[in-house]
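Undergrad: So the number in our numbering is just where the residue sits in the sequence shown, counting from 1, plus 886. Backbone N, C-alpha and C fix where the C-beta goes; we use that ideal spot for every residue, glycine too.
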Amino acid sequence: MRTETEMFDVILQTAKALQVEAVAMSGSRTNPNALKDEFQDYDVVYIVEDLDGLVADLAWLEKFGKRMIEQHVLVDHRRLYLMLFEDGNRIDLTLCPKEHIKEWVDSEADFTVLDDVQGLFAPYAPTPKRYWTASASATDFDKSCNEFWWVSAYVVKGIHRNHLVYATDHLYGICQQELLRLLAWQVAADKGTVDVGKNYKYLFQYLPTEKEKEFKSLLDFSDQKSLSKSLLATMDFFHKEAQAFSLKTGFPYDKAIAEKMIEYAEARLPNH
887 MRTETEMFDV
897 ILQTAKALQV
907 EAVAMSGSRT
917 NPNALKDEFQ
927 DYDVVYIVED
937 LDGLVADLAW
947 LEKFGKRMIE
957 QHVLVDHRRL
967 YLMLFEDGNR
977 IDLTLCPKEH
987 IKEWVDSEAD
997 FTVLDDVQGL
1007 FAPYAPTPKR
1017 YWTASASATD
1027 FDKSCNEFWW
1037 VSAYVVKGIH
1047 RNHLVYATDH
1057 LYGICQQELL
1067 RLLAWQVAAD
1077 KGTVDVGKNY
1087 KYLFQYLPTE
1097 KEKEFKSLLD
1107 FSDQKSLSKS
1117 LLATMDFFHK
1127 EAQAFSLKTG
1137 FPYDKAIAEK
1147 MIEYAEARLP
1157 NH
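1. Alpha carbon to alpha carbon, how far is T1079 from T1019?
2. Candidates H986, A1075, L1133, D927: which alpha carbon is nearest L968's?
3. When DSSP builds the beta bridges, which residues end up paired with C982?
4. Could you round the C-beta distance between N917 and D992 to whole angstroms and report it? I think they count as a contact, below 8 Å.
5. Can you tell me whether DSSP reads M1147 as helix, strand or coil?
6. When we look at the beta-carbon of T980 and count the other beta-carbons within 10 Å, is it buried (16 or more) or exposed?
7. Can you tell me whether DSSP reads T998 as helix, strand or coil?
8. Can you give me the Cβ contacts of I955 inside the same chain, cut-off strictly under 6 Å, excluding the 5 residues immediately before and after it?
9. Specify the secondary structure class of T1019 as computed by DSSP and reduced to three states.
10. Have a look at the DSSP bridge pairing and note the partners of S1116.
11. Which of helix, strand or coil does DSSP assign to M1219?
12. For Q926, name the three-state secondary structure that DSSP assigns.
13. Identify which residue in P1094, E1096, F1007, L1066 has its Cα closest to the Cα of V1082.
14. Taking the CB atoms as reference points, tell me whether A1075 and K1134 lie closer together than 7 Å.
15. Are three or more beta carbon pairs between the segment 946-953 and the segment 1035-1051 nearer than 8 Å?
16. Please confirm whether Y1139 and A1128 have their CB atoms less than 7 Å apart.
17. In chain order, what residues of the same chain lie with their CB nearer than 7 Å to the CB of G913, ignoring the 5 residues before and after it?
18. What separation, rounded to the nearest whole angstrom, lies between the Cα atoms of L966 and L937?
19. Which of the three DSSP states is assigned to Q957 in this structure?
20. With DSSP collapsed to three states, give me the class of R964.
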């Protein structure tokens, strides 16, 4: 596997060969607190003058190494080339026209300039607080609670009908995301604005170990019985945290709705 030094060298040498206007990097490699391991991508942007000319013949991608698999993606005015190499390294390369540099800057949480002779990035400051969470307002909290309890009924329906993909999608994709949001608000209420990371990947660094264990125990969606158990445990977890948050902040929380929805689920869920 090529070293970080070797990867930066090939990134900058390729940019030079292509006469790229500027080069910057975003993603976890710009975050000193991120986990350092072999799975860290090189999230790189080339600011270019002639995008059409570069994409007309992509033979220059070979300069980065032998690719195992790749994706080519169009996002607004940018072209993305996501490449996993046979040595295990990965580069997510964005080609961004010079006139749309702000479009790329606005899409990133943070970035480090690697080469910028013309100072194209000078007007723009990184925004590393993109994934920072502040404590909720009363309205935020009320909307989150309503969403959680409303969607829990969809999960009950999916489990009862044995539509397990449907139930799992609503349980993890919505209900448990609201639970994670509530946990992040709990942390922010105690500590102030905090960086919970993309997809809450740093959240449990701020919480007691037992909270992480409790959340992980919810993640068995393998069959109808497991989903029933997960939903009921998720509801209990959310109910407990919502009451604690309400006491901490003084925000109203409708315990009666929560208790009725728990009863509704218990009456209709099989195998629990």
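TA: Taking the coordinates as given:
1. Numbered from its first residue, the sequence shown carries residue 1079 at position 193. Numbered from its first residue, the sequence shown carries residue 1019 at position 133. Per the coordinates, the alpha-carbon of T1079 lies some 5 Å from the alpha-carbon of T1019.
2. Within the sequence shown, the letter at position 82 stands for residue 968. Relative to L968, the option among H986, A1075, L1133, D927 whose CA is nearest is D927.
3. For the purposes of this step, residue 982 is taken as residue 96 along the sequence shown, with counting starting at 1. The partner list for C982 (beta bridge, DSSP) reads I933.
4. Along the sequence shown, read from residue 1 onward, the residue named residue 917 stands at position 31. Along the sequence shown, read from residue 1 onward, the residue named residue 992 stands at position 106. N917 to D992, Cβ: 18 Å. No contact.
5. Counting from one through the sequence shown, the residue named residue 1147 turns up at place 261. Three-state DSSP puts M1147 in a helix.
6. Here residue 980 is taken as the residue at index 94 of the sequence shown, counted from 1. Buried is the call here.
7. Within the sequence shown, numbered from 1, the residue matching residue 998 stands at position 112. Here T998 carries a strand assignment [DSSP, helix/strand/coil].
8. Looking up residue 955 in the sequence shown gives position 69. Residues L970 of the same chain have their beta carbon placed closer than 6 Å to that of I955, with the five preceding and five following residues left out of the count.
9. In the sequence shown, the residue the question calls residue 1019 occupies position 133. If DSSP states are grouped into helix, strand and coil, T1019 belongs with the strands.
10. The residue given as residue 1116 occupies position 230 in the sequence shown. Partner(s): none; S1116 has no beta bridge.
11. For the chain, the structure presents residues 887 to 1158; residue 1219 sits outside this window and is missing.
12. Stepping through the sequence shown from its first residue, residue 926 is reached at position 40. In the structure shown, the three-state DSSP call for Q926 is coil.
13. By 1-based counting over the sequence shown, the position of residue 1082 is 196. For V1082, the nearest C-alpha among the options comes from L1066.
14. Position 189 of the sequence shown, counting from 1, holds the residue named residue 1075. Position 248 of the sequence shown, counting from 1, holds the residue named residue 1134. Between A1075 and K1134, the gap from beta carbon to beta carbon is short of 7 Å.
15. No: the two stretches stay apart, fewer than three of their Cβ pairs being nearer than 8 Å.
16. Sequence index remark: in the sequence shown, residue 1139 carries index 253 (1-based). Sequence index remark: in the sequence shown, residue 1128 carries index 242 (1-based). In this structure, Y1139 sits near A1128, with a CB-CB distance shorter than 7 Å.
17. In the sequence shown, counting from the first residue as 1, residue 913 sits at position 27. Once the five neighbours on either side are set aside, the close Cβ partners of G913 are D927, D929.
18. Walking along the sequence shown from the start, residue 966 turns up at place 80. Walking along the sequence shown from the start, residue 937 turns up at place 51. L966 and L937: Cα-Cα distance of roughly 12 Å.
19. By 1-based counting over the sequence shown, the position of residue 957 is 71. DSSP places Q957 in strand when its eight states are reduced to three.
20. Stepping through the sequence shown from its first residue, residue 964 is reached at position 78. In the structure shown, R964 adopts extended strand secondary structure according to DSSP, grouped into three states.
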